[in-house]
Structure formats: structure tokens, C-alpha cells
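Chemist: In the numbering used here, the protein residues as written are 491 to 640. Below you will find the structure I want to go over with you.
Take a look at the structure:
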């Protein structure tokens, strides 16, 4: 049976700041992120299975990505917990803002690695994460490929 890649796209709004950066992104700002998630597997061949012919039901993939990424990161502000931004993060949290503290600089590159780990943990055993594309702006994105991370 052939391996087939299935891709689903997601959008979410997230703020962040890059502590120690030498440009504008040192300031708190936000992006309208677009995330493309591509998985790979063989279509189900069991004719009695309601998902016959599918690699994975798009709604099942949507549930995983929504729970692991979109619901958590949408309209949140992400800060590196190992920098002085922790003070700002705590102030925002105390004022009722949705803040996510991570142990990495919240660049698109690091976020896409984090997202890959979150998604891989939730995929069925017969499905593999093939790639992720996290688009930060219309012309800037980071990509993660399983083949680059063996």
C-alpha cells in the first residue's frame, strides 16, 4: 500500500518577545501564525472500518493540533522563563492575561520544534509526523521535517 501525506492548516494569534535580541523583536509583539501539519501513513484498507480509505480523519488530526497547540497558544503571550521577562510574565498573569512560559527563546524555529514534540506524542502508532511549517509573517516561516531529525 502506498504512503500518503495528509496536510491540515491552522491559524492562531500569539504574542511574544525575544529577550536579548538586537532588533525590534525584543519588544512584546504578536503574529498571526499559520501552521501547516503534514502526517504520513497508509490509507486504511479494512472495508468495514468507517474510515476506510483514509490515512487519518482530518477531524482527528484537527483535534490533536487544536488541543496541543491552537487552544493553548491562541491569544497567549509567550516568554522564555529563564530570562528577566519572567517578571513581566508574572505581572501579566496577575492581571488575568494568558501567558505561556517556555524554556526556550520563543522564535518560530524553537516553537516549531516544541509543536513537533507535542503532536508526535498524540499521533496513532501507524501515523508519523512528516513536516510542520510555521508561518510567522506573509514571507517568513520555519519548517520542521522528520527526515532532518532522525
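From the three backbone atoms N, C-alpha and C, an ideal C-beta is built for every residue, glycine too.
Kindly indicate if chain C contains any beta-carbon less than 8 Å away from that of residue 582.
Modeler: Of the chains in the structure shown, none is chain C; there is only one protein chain.
Chemist: Where does residue 630 sit, in a helix, a strand or coil, going by DSSP?
Modeler: Residue 630 falls in the strand class under three-state DSSP.
Chemist: Nearest to residue 581 by CA position, among 567, 536 and 604, is which residue?
Modeler: Residue 581 has its Cα closest to that of 567, out of 567, 536 and 604.
Chemist: Could you tell me the distance, in whole angstroms, from the CA atom of residue 589 to the CA atom of residue 494?
Modeler: Cα-Cα distance, rounded: 37 Å.
Chemist: With which residues is residue 613 paired in a DSSP beta bridge?
Modeler: Answer is none; residue 613 lacks a bridge partner.
Chemist: Which same chain residues, not among the five before or five after residue 542, have their C-beta less than 7 Å away from its C-beta?
Modeler: Result list for residue 542: 534 and 536, in chain order.
Chemist: Give me, in chain order, the residues of the same chain whose beta-carbon lies closer than 6 Å to that of residue 673; leave out the 5 immediate sequence neighbours on both sides.
Modeler: Shown here, the chain extends from 491 to 640; a query on residue 673 therefore has no answer.
Chemist: Going by DSSP in three states, residue 571 sits in which element: helix, strand or coil?
Modeler: If DSSP states are grouped into helix, strand and coil, residue 571 belongs with coil.
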